[in-house]
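The block underneath contains the structure these notes are about, expressed in structure tokens.
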Amino acid sequence: MARERAVRSDDAVSRRATLAFAGAAVLATALPSRSMRAQSRSVPSRGINIPAWLDRENGQVPADPVLDALFRRGFRTVRLPVDCGRVLSANGMALRDIREGVSGLVDRGFAVLMDMHPSADLHALFLQDAEAAGERVLRGWETLRGVIADLPADRVYPELLNEPPMENTDWLALRDRLAQTVRRACPDHTIVWGPAPDQGIWQLDATPPLPDDKQIAAVHFYAPMAFTHQCQSWGASPLARISGLPFPATRETPLVRARLAALRAAGDDEAIALIEDQLATPWTETAVRTVFEGAARWSERSGCPVMLNEFGVLDVCVDAPSRLAWIRAVRKAAEASGIGWAYWDLDQGFGLMESRLEADGFDAAMLDALFGEGD
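According to the UniProt record's numbering, the residues represented by the sequence shown are 1 to 375, in order.
In structure tokens form, the structure reads like this:
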């Protein structure tokens, strides 16, 4: 049975409502499947996102036994969201906390993605005045680059901006400026960036790489969102009224037909339209694999490695076998295409353990989906 966890309202920043509809296009427009040559350059993988630590005041630090257990159980990468506002505050303790958090993980053997993750305030500023928001992020990296400049370049990865909430042309100009800012202090670090505006894997084809030989393109994958975000409790979205959909599934799957019938009885045309739209292509492991093969082709054409640094299923009202099947399918597809991965998240709404304070709270089935060899 899925365990209910509180989902923070500010998670809406990274789960924007537009993704509910864009996710359907990922599966529907994927290129035909063919075998892929794995990327020759290594990228961080076997990762876990740990939000609610360095991206807010009074963030909750994971207990040492939990971090030790993560490494022992197979994780080798941690993605750490960082708040630009905290970085720019006059409080030097924030920078000290970031430095200690990153260096402590490196000492344990982890690679660390330091992710500039917009807070709700910064996200709102991007929508109101993208130029001013971009300047704020530039100032943030002018400060933050000094925190990591002397940390191992092969273990610490600056990620320029999570899900850049702006038009692609504007983002490319800002991305290049941010990369130059980081590069001045970090000549040997590999820079991580993602496509605008959602960091969706389907947005790679419209995005050229940086003019830099040390870079990784980072993408997110939550398709179909009618499955991965069932019972979403934030934002104005029909996802909040969708529950119990399985994976894999087609329009003819009995449980899907039953859910659609219930929504018709309730007169919920919006939720019905979302489900039917996203089921235009069946929800299968093959469809997922095809998407990642397309990303691998982009990587080969561009010479830029790709990492999947967010994917997950909200653990609220989905059945455990379906959740595990989707996670396993995505992880296997990424690995088969030479794409590194980091699961979202540790112990929040998409998490794989009860609490970051207790090392005995891991979901063994989730770990098997992420690391197991079985189908």
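Just so it is clear, CB atoms sit at the ideal spot from N, CA and C, and this is done for glycine as well.
- Between Ala-69 and Ile-201, the C-beta spacing is not below 7 Å.
- Proximity to Ala-196 across Ala-185, Ile-216, Glu-167 and Asp-129 peaks at Glu-167, based on C-alpha coordinates.
- In the DSSP assignment, Met-353 is bridged to Phe-362.
- For Thr-77, the enclosing beta strand (DSSP E) starts and ends at 77-82.
- Sequence-distant Cβ neighbours of Val-66 in its own chain, meaning closer than 6 Å and more than five residues away, are Arg-356 and Ala-359.
- Excluding its 5 nearest sequence neighbours in each direction, Tyr-157 has C-beta neighbours in its own chain below 6 Å: Leu-113, Thr-190 and Val-192, listed in chain order.
- Bounds of the beta strand (DSSP E) holding Met-114 are 111-116.
- Selection Val-318, Ala-124, Ala-266 and Gln-128 evaluated against His-229 yields Val-318 as nearest (Cα-Cα).
- Trp-298: member of the alpha helix (DSSP H) spanning 285-302, first to last residue.
- Between the stretch 303-316 and the stretch 329-339 there are three or more inter-stretch CB-CB distances shorter than 8 Å, so the stretches are counted as touching.
- Ala-218 is bridged by DSSP to Met-307.
- Three or more Cβ pairs closer than 8 Å define a contact, and the stretch 333-348 meets that threshold against the stretch 301-308.
- Counted as a single uninterrupted DSSP element, the beta strand (DSSP E) harbouring Glu-159 occupies residues 156-159.
- For Ala-271, the closest of Thr-290, Ser-243 and Glu-285 by C-alpha to C-alpha distance is Ser-243.
- Within the DSSP secondary-structure output, Gly-200 pairs in a beta bridge with His-220.
- Thr-77 is classed as buried because its beta carbon has at least 16 other beta carbons within 10 Å across all chains shown.
- The C-alpha of Ala-52 is placed about 23 Å away from the C-alpha of Arg-323.
- In this structure the stretch 142-158 touches the stretch 173-192; the number of beta carbon pairs closer than 8 Å is three or more.
- Between the alpha carbons of Phe-71 and Ile-275 lies a gap of roughly 38 Å.
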